[in-house]
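Colleague: Reading the sequence shown from the start, the letters are residues 54 to 292 in our numbering. Every residue, glycine too, gets a C-beta built ideally from N, C-alpha and C.
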Amino acid sequence: MKSSGLQGLRNFAGFTAALSSQKNYESRYYSFDGEPIYADADVFAAYLKDIDPDSTTRQATLFNLVALHDGNKFADKRDQGENHNASFKRRAQILLDEIKEFEQKLAQSGRPTLVLFVPEHGAALQGDKIQMARLRDIPSKLITHVPVYAKFFNVQRSAEQPASSPVVIDYPTSYEVLGEIISRTITTDYFQGNTPLTAITDNLPATYFVSENEGALVLRFQNTDFLRLKGHALTIYPQ
Numbered sequence: 054m055k056s057s058g059l060q061g062l063r064n065f066a067g068f069t070a071a072l073s074s075q076k077n078y079e080s081r082y083y084s085f086d087g088e089p090i091y092a093d094a095d096v097f098a099a100y101l102k103d104i105d106p107d108s109t110t111r112q113a114t115l116f117n118l119v120a121l122h123d124g125n126k127f128a129d130k131r132d133q134g135e136n137h138n139a140s141f142k143r144r145a146q147i148l149l150d151e152i153k154e155f156e157q158k159l160a161q162s163g164r165p166t167l168v169l170f171v172p173e174h175g176a177a178l179q180g181d182k183i184q185m186a187r188l189r190d191i192p193s194k195l196i197t198h199v200p201v202y203a204k205f206f207n208v209q210r211s212a213e214q215p216a217s218s219p220v221v222i223d224y225p226t227s228y229e230v231l232g233e234i235i236s237r238t239i240t241t242d243y244f245q246g247n248t249p250l251t252a253i254t255d256n257l258p259a260t261y262f263v264s265e266n267e268g269a270l271v272l273r274f275q276n277t278d279f280l281r282l283k284g285h286a287l288t289i290y291p292q
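(1) Looking at the secondary structure, which residues open and close the beta strand (DSSP E) in which ALA286 lies?
(2) Quick check on the DSSP output: the alpha helix (DSSP H) that includes PHE141 runs from which residue to which?
(3) Using the Cβ count rule (16 or more neighbours within 10 Å means buried), how would you classify TYR224?
(4) Buried or exposed: LEU118, going by 16 or more other Cβ atoms within 10 Å of its Cβ?
(5) Hey, quick one: how far does the alpha helix (DSSP H) through VAL230 stretch, first residue to last?
(6) Measuring only the C-alpha atoms, how far is SER74 from LEU167?
(7) Using alpha carbons as the reference points, say which of SER236, ARG281, SER227 lies closest to ASP190.
(8) Within the same chain, show all residues whose beta-carbon is closer than 8 Å to that of THR69, passing over the 5 residues directly before and after it, in chain order.
(9) From what residue to what residue does the beta strand (DSSP E) around LEU169 run?
(10) Is it buried or exposed for PRO172, if we count other Cβ within 10 angstroms and need 16 for buried?
And the structure:
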């Protein structure tokens, strides 16, 4: 975990909480710029240690997990003189295993919690006709159309109330949906167990697909992707 983006939260979102101490975390990777990236398992363990299952105070905790960022190197390998990038597949499996363990312990804690995992972007493991793999100069749909995951823990239900089945939102959405899910969770008292999951997931706001950076814009209109490079006209994105 790194503190990247923290100043932006302070400047634009009024976030005033101090960054948690990272003193005792294992340095599992080094990033492309040489900064240490700590073991996600240690970050999760520190969070779980501070949970008070009897507290009724709402709180929000933000994690910035960058284990899958391009260019990361395993710390032990680099310290041994090996300087090649760590396998994405191996890093992904480690992260998924640690998330699974974290969720199991979170469920055991008894603390009502909504967990949201929101990728910044894809890893560009595959290229296309105009951009080779691992490049992200053009924000194509392969890179910027990513899955978001939300899961509730420790919802109070009676024996007659089965747990809700997973719901898949299969139409285009964006960051607005995250705020809507959080808002509905609070206003419906979802954790009290008297509200169906559909009250959270039905009729969430849809968003047209548009991705843009300093040099390029990609959008979808009538099932066709379009591209506009800086200084050029809009053209159909090559498929």
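Modeller: In short, the structure shows the following:
(1) Translated into the one-based positions of the sequence shown, residue 286 becomes position 233. Per DSSP, ALA286 belongs to no beta strand (DSSP E) and is neither H nor E.
(2) Translated into positions along the sequence shown, residue 141 becomes position 88. 141-162 is the span of the alpha helix (DSSP H), which, as asked, contains PHE141.
(3) In the sequence shown, residue 224 corresponds to position 171, counting from 1. Answer is exposed; the Cβ neighbour count stays below 16.
(4) Against the sequence shown, residue 118 aligns to sequence position 65. Buried, by the Cβ-count rule.
(5) Locating residue 230 in the sequence shown gives position 177, counting from the first residue. Per DSSP, VAL230 belongs to the alpha helix (DSSP H) from 228-240.
(6) Working through the sequence shown from its first residue, we reach residue 74 at position 21. Working through the sequence shown from its first residue, we reach residue 167 at position 114. SER74 and LEU167: Cα-Cα distance of roughly 23 Å.
(7) Within the sequence shown, the letter at position 137 stands for residue 190. Answer by Cα proximity: ARG281.
(8) In the sequence shown, residue 69 corresponds to position 16, counting from 1. Excluding residues within five positions, the ones whose Cβ falls inside 8 Å are ARG63.
(9) Here residue 169 refers to the residue found at position 116 when the sequence shown is read from its first residue. LEU169 -> beta strand (DSSP E) spans 166-170.
(10) Position 119 of the sequence shown, counted from the start, is the residue given in the question as residue 172. It is exposed - the Cβ of PRO172 has fewer than 16 other Cβ atoms within 10 Å.
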